[in-house]
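> Residues 4 to 254 (the working numbering) are what the sequence shown spells out, left to right. For each residue, glycine too, the CB sits at the ideal point set by N, CA and C. Owing to the predicted nature of the structure, the values given are computational and were not obtained by experimental measurement.
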Amino acid sequence: MDEEEQLIDSAPRKKGEMPFLEHLEELRRRLIKSILAVAVTTIIAFYFSEHIFKFAIRPLGGVKLHFTEVTGSFMAYLKISIYTGIVAALPIVFYQIWKFVAPGLYPKEKRMVSPLVLISVLLFLAGASFCFFVVLPFAIEFLVNFAQGEMTPIITVSSYVSFAGFMLLAFGLSFELPIVGYFLGRVGVISAHTLNRGRAYAIVLIVAFAGIVTPTPDIFNQLLLAVPMYILYEVTIIVVRVTARKKEAED
């Protein structure tokens with residue numbers, strides 16, 4: 004067994020290759036740095052948590068929040084700080100992922116991945132921002148006034164943070180459709196022709212998805228998600244078509 008290990012260790016390696024244990028050690032270092040980055044940004048965010056919280060409740064309008072536990076307000080500030088810390092640390096986290104993956108990529112792949120990561124982050128932020136500034140105010144107003152006169156809304160801080168967090172995540176991820184389409188088109192799973200032919204089915208799925216994610220039953224709020232997703236679907240078709248042409252040119 005010792006002779007086999009010596010043969011393996013003495014075997015020539017390609018540039019950028021590392022033994023399995025070195026990969027694990029490198030992964031551990033990158034994870035620690037990412038966790039530390041999130042911890043630091045969370046602590047900084049907690050220092051400004053009062054200002055962040057005031058900004059986060061803007062979609063509520065004049066609706067007051069309540070807490071039913073002694074630690075309710077503290078936990079709300081802590082949750083907001085953690086969410087803010089994660090978002091603020093994303094560039095560092097992505098950089099650590101890039102430093103871990105980059106040695107195993109070809110120069111062409113490196114040039115391709117770098118802009119995609121940036122575009123992916125921008126699309127997620129665009130979706131989350133659209134939800135925060137446009138969708139949430141309409142959705143909350145509808146839900147709060149739905150049974151006005153018969154019931155009095157008592158919205159807890161915890162329920163609002165969870166609700167808003169879910170909505171922001173759902174809209175942010177839904178805006179990643181062109182990136183998903185790019186990778187699927189790159190590996191040949193889908194084509195622009197397939198997406199064109201399946202447009203009618205896509206519309207049905209988009210409307211169904213919007214109905215599930217959007218908490219209100221009215222068509223207006225559902226369209227606030229469905230329309231951008233359909234536009235992104237058309238953008239995805241263009242992205243897949245361009246990707247296919249580039250792939251043919253490379254081959």
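Can we say the stretch 98–110 touches the stretch 140–154, given the rule of at least three CB pairs closer than 8 Å?
no
> What does DSSP give as the partner residue(s) for residue 69 in the beta ladder?
Under DSSP, residue 69 forms a beta bridge with 159.
> Does the stretch 50–63 come close enough to the stretch 125–132 to have 3 or more Cβ pairs within less than 8 Å?
no
> Please report the distance separating the alpha-carbon of residue 209 from that of residue 190.
Put simply, the backbone Cα of residue 209 is about 24 Å away from that of residue 190.
> Could you check the C-alpha separation between residue 174 and residue 66 for me, to the nearest Å?
23 Å
> By Cβ distance below 6 Å, which residues in the same chain neighbour residue 195 in space, the five residues on each side in sequence not counted?
240, 243 and 244
> For the alpha helix (DSSP H) containing residue 52, name the first residue and the last one.
52–59
> Return the CA-CA distance between residue 115 and residue 249, expressed in angstroms with no decimal places.
12 Å
> I think residue 48 touches residue 79, with their Cβ atoms under 8 Å apart; what is that distance to the nearest whole Å?
No, residue 48 and residue 79 are not in contact; Cβ-Cβ is about 13 Å, not under 8 Å.
> Between the Cα of residue 62 and those of 87, 133, 228 and 33, spot the shortest distance and give me the residue it belongs to.
133
> Would you kindly work out how many angstroms separate the C-alpha atoms of residue 165 and residue 216, rounded to a whole number?
One Cα belongs to residue 165, the other to residue 216, and the distance between them is close to 14 Å.
> Which value, in whole angstroms, describes the spacing of the CA atoms of residue 251 and residue 113?
19 Å
> Can you tell me whether DSSP reads residue 197 as helix, strand or coil?
helix
> Whose C-beta lies closer than 8 Å to the C-beta of residue 223 among residues of the same chain, with five residues either side of it excluded?
Cβ neighbours of residue 223 beyond the five flanking positions: 141.
> What does the alpha-carbon distance come out to for the pair residue 44 and residue 87?
Residue 44 and residue 87 have their C-alpha atoms roughly 8 Å apart.
> Could you name each continuous alpha helix (DSSP H) segment of 4 residues or more that falls completely within the stretch 157–245, going from the start of the chain to the end?
Correct list: 160–177, 180–189, 195–200 and 202–216.
> Are there 16 or more other CB atoms within 10 angstroms of the CB of residue 41, so buried, or fewer, so exposed?
buried
> Within a Cβ cutoff of 7 Å, which residues of the same chain sit near residue 220, ignoring the five residues on either side of it in sequence?
none
> Label residue 58 either buried or exposed according to how many other C-beta atoms from any shown protein chain fall within 10 Å of its C-beta, with 16 as the threshold for buried.
exposed
> Roughly how many angstroms lie between the CA atoms of residue 60 and residue 83, to the nearest whole one?
11 Å
> Just how far apart, CA to CA, sit residue 22 and residue 29?
11 Å
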